[in-house]
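Residue numbers (our numbering): -1 to 158.
Glycine included, C-beta positions come from ideal geometry on N, C-alpha and C.
Everything on this sheet refers to the single structure shown next.
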């Protein structure tokens, strides 16, 4: 595990969710959006997954995972790579359930406020229909961090 710098912790919290990439049984990449519940500076990220579907199946076979989050307006983004462990619903800490509940309330409130400010009516608040208790959590021990805004290689010299 490697430490997660404060800048990246704040960035992930600010974005709220990440794209989780796993490997399926055919060796293909599967991506899904998941919510960030907790980020520990020692190198652990905890995600919520409300449904036991492809991500769950993939992680039971292969714990290798990457999570990616970007903010196109600030031209920032990070990918964190590591190994995942699944935490069953019976072993989820109360603090993580409370964080999830808080996130739902904030999302609904934010959507309503933005709608009122824009003079728009929303016919549906999708967050209301989300399950309140996750089937499991994904605990990731981060092994590598990639800054997506920094070039990986210097540009090749032009041929003369």
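task: Note down the Cα distance separating residue 98 from residue 35, rounded to an integer number of angstroms.
output: 7 Å
query: Looking at the structure shown, is residue 31 part of a helix, part of a strand, or coil, going by DSSP?
result: strand
Residue 55 to residue 2 span [Cα, whole Å]: 27 Å
- prompt: Does the separation of the CB atoms of residue 135 and residue 76 fall below 9 Å?
  reply: no
Cross-strand partners of residue 137 (DSSP beta bridge): 44 and 83
field: Contact set for residue 74: own chain, Cβ-Cβ below 6 Å, skip 5 residues either direction
entry: 147
- prompt: How many Å lie between residue 26 and residue 64 at the Cα?
  reply: 14 Å
query: Would you call the segment 15 to 25 and the segment 107 to 119 in contact, with 3 or more CB pairs under 8 Å?
result: no
task: Give the single residue among 6, 13, 39 and 59 whose Cα lies nearest to the Cα of residue 70.
output: 13
query: How many angstroms separate the CA atom of residue 137 from the CA atom of residue 43?
result: 6 Å
field: Local Cβ density within 10 Å of residue 31, reported as buried at 16 or more and exposed below that
entry: exposed
- request: To the nearest angstrom, report how far apart residue 46 and residue 33 are at their CA atoms.
  value: 5 Å
- request: Mind reading off the beta-carbon distance from residue 110 to residue 53? Whole number of angstroms is fine, and I expect it under 8 Å.
  value: The pair is not a contact, with the Cβ atoms about 29 Å apart (cut-off 8 Å).
- prompt: Alpha carbon to alpha carbon, what distance is there between residue 6 and residue 143?
  reply: 9 Å
query: From 0, 93 and 60, pick the residue whose C-alpha is nearest to that of residue 82; which is it?
result: 60
field: Inter-residue spacing [alpha-carbon to alpha-carbon] between residue 89 and residue 40
entry: 21 Å
query: Which residue from 29, 51 and 0 puts its Cα closest to that of residue 84?
result: 51
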